[in-house]
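Counting with mature numbering (1 follows the signal peptide of the UniProt record, and there is no 0), you get residues -18 to -1, 1 to 455 for the letters of the sequence shown. In this text, a Cβ means the ideal position worked out from N, Cα and C, and glycines have one as well.
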Amino acid sequence: MRLFCCLIIALLSTFSLAKQATDAEKEAVISTIPPCGLECILPTMTEENCSIGNLTQLSDCLCLHLEGLSTIATCIFKKCNYTDLVVVEKATEVLCEGEPRPDRKPELLGTTIALAIIVLVFVGLRFWSRFTVSRQFWWDDWFVLLGTICQIGTDCAMFWGISMGFGVHVWNVDSKLNVPLYQFEWIFELLYVVVQSTTKASIVCLYWRLFPQPWLRNVVRFLWVWIAIHFFTFFFTILVQCTPIALVYNHALTGHCLNAHAIILAAAILVMVEDIILIILPLPLIWKLNVKLSRKLAISLVMSVGLVAVVASAVRLKYVVSFYYDIDQNWDDVPVAILSVVETSLSIVCVCFPPVKILMSKYYKKYTGSDSSAMRSRSREDLLARLKGRFTRPNSPDKPPRFSIPWIQTLAPRLPTIPRIGSHIELEKGKSTVTSSSTASEANQRSIMTSTSSDLEAGQESTMANTSWLKVG
């Protein structure tokens, strides 16, 4: 046990006491900085009042001021070619060795792992609901499954990018890892388009299956075509945005690239608009259903869960506009990456929510013996009973109720059926004789009154004797 504790302490000390470069190593590295790099470093040193004579103070002055490092990096990316850029990055790595390095990797890891677990749970519950309740699968289920597979691929790409240095400042990353980092961003953007398109296709298939109205079917057909165009346009535009294609992740090559910022910005705006349309589309039909208002609100709430993904899209759009032009993409793109994972994960969860709601209702009814609507009905009845008891004076068991007539509290006698007033036909020895309607009416009325009075008298006697009704012949 003591040996284990010593090993832990030694391991922590290696992280806290990082090795710093010697003055000789720093002088050798500074001599290799190209002129374009010196043009960017020297003005920043003058602004920050850095001491050039003391290399230790120079390292502290440069490496502890993030704004100064960001200014230097932006200037170098503009003035130096790729070869000189790699040299300056190596020099910066040596000068800043041993200095504190901000790290956003824990945020990325925690968010990605938590959302991956939530997505897998909801998708598993969705397919369990289809298997046990509906006992059939349709196209919306398979689109969700495809989107989930791509979302897992997005999470794996995120883990790979974190291992390469995504989440730390660009000047703290080894220049050899630049190519893998650009590959990570490229693959991440492609998978983002796939997940967004598949979840929207699943929603459209769900609308086709639920709503048979002709006008909505026409809208769904249009949305199918639109989603297909959206997918192929942005997927292949991101895929072949550079000529040659390898220029996307290997900036040492020469060629031409499209404006990636414009592509991502247009995709983000369209995704948010499409989400809003898909949420609003079924609401008019839901509010025309012949159900209670509370039921309409509940269904609308279930169908509008995607508003959470819309909010994530809007916040992501803000960061796309604000930070994409920064040079320190490894650090500044972390909010965009986190919100992208949040958006795609929540879109899958929202698509899975209606089947999961059905599954929860089924098991709730199974283990409680009632559903939520019955529980609400009983609670309302209990409330009315309590209110009625509060405003009604209870009767004493020893005394009869005040102002009560015993025979009135008994059940009312059942009156014989009154025949239709008309001609009265009597059959006698196979012959029929017809009497006038007035004579029949008078006879019927006399018989009714006689039977009614007899029943009332019998009711009084039975009530006083505390017996049941007696039938008087």
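Under the three-state DSSP convention, the category residue i falls into
i           : result
His212      : helix
His243      : helix
residue 456 : The shown model of the chain, from -18 to 455, leaves out residue 456, and the question about it has no answer.
residue 464 : Absent from the structure is residue 464, since the part of the chain shown begins at -18 and ends at 455.
Phe335      : helix
Phe148      : strand
Ile400      : Legend: pLDDT at Ile400 = 45, less than 50; position of this residue unreliable, value from coordinates given subsequently. Three-state result, Ile400: coil.
Val68       : helix
Nearest-angstrom beta carbon gap, residue j and residue i [assumed within contact, 8 Å]
i      : j      : result
Cys62  : Pro16  : 7 Å
Ala183 : Ile209 : 6 Å
Lys344 : Val105 : At roughly 18 Å, the Cβ-Cβ gap does not stay under 8 Å, so Lys344 and Val105 are not in contact.
Ile246 : Val302 : 6 Å
Leu192 : Leu341 : Going by Cβ atoms, the distance from Leu192 to Leu341 rounds to 17 Å, so no, they are not a contact pair.
Leu173 : Ala139 : 6 Å
Cys57  : Cys22  : 4 Å
Gln195 : Leu252 : Rounded, the Cβ-Cβ distance is 26 Å, inconsistent with contact.
Ser295 : Ala250 : 7 Å
Val161 : Tyr64  : With 8 Å as the limit, Val161 and Tyr64 do not qualify as a contact, their Cβ atoms being about 11 Å apart.
Alpha-carbon to alpha-carbon, residue j and residue i
i           : j      : result
Trp153      : Leu20  : 16 Å
Phe335      : Tyr189 : 14 Å
Trp124      : Leu328 : 18 Å
Trp142      : Phe166 : 7 Å
Asn241      : Val101 : 33 Å
Pro388      : Lys270 : Residue confidence is low: Pro388 scores 42 on pLDDT, short of 50, so the model does not pin down where it sits. No coordinate-derived value is stated.
Arg199      : Leu265 : 15 Å
Met146      : Val318 : 18 Å
Ile330      : Cys45  : 42 Å
residue 458 : Gln311 : Past the boundaries of the shown model lies residue 458; the chain is included only from -18 to 455, so the question cannot be answered.
Leu90       : Val103 : 20 Å
Leu159      : Val255 : 36 Å
Val207      : Val290 : 25 Å
Gly237      : Val222 : 12 Å
Phe59       : Ile262 : 45 Å
Val323      : Lys8   : 41 Å
Phe119      : Ile131 : 17 Å
Ser276      : Val316 : 41 Å
Gly227      : Trp168 : In the sequence on display, residue 227 carries Ile and not Gly. So the alpha carbons of these two residues sit roughly 11 Å apart.
Arg203      : Trp197 : 10 Å
Option in the options with minimal Cα separation from residue i
i      : options                           : result
Val201 : Cys45, Leu260, Trp121 and Val70   : Leu260
Gln133 : Ile99, Asp122 and Leu107          : Ile99
Trp121 : Glu325, His243 and Val186         : Val186
Thr94  : Thr65, Val207 and Asp137          : Asp137
Cys224 : Thr215, Phe214 and Leu235         : Leu235
Val76  : Asp156, Leu91, Lys60 and Leu341   : Asp156
Leu10  : Val255, Asp85 and Val70           : In the sequence on display, residue 10 carries Ala and not Leu. With distances taken between Cα atoms, Ala10 lies closest to Val70.
Val338 : Ser111, Val297 and Val292         : Ser111
His233 : Leu67, Ala55 and Glu29            : Leu67
Phe170 : Val253, Ile320, Cys43 and Glu7    : Ile320
Phe214 : Val175, Ala248, Gln195 and Ala55  : Val175
His151 : Cys332, Trp313, Tyr346 and Thr180 : Trp313
Asn31  : Pro194, Cys22 and Cys43           : Cys43
Leu299 : Glu325, Ser13 and Leu275          : Glu325
Leu128 : Phe113, Gln178, Lys72 and Arg83   : Gln178
Pro88  : Val126, Ser52, Tyr164 and Phe148  : Phe148
Thr180 : Phe109, Trp197, Ala296 and His212 : His212
Thr14  : Thr28, Ala73 and Tyr64            : Ala73
Thr28  : Cys332, Cys239 and Gly50          : Gly50
CB contact check: residue i to chain C, cutoff 9 Å
i      : result
Ile340 : The question asks about chain C, but that chain is absent: this structure has only one protein chain.
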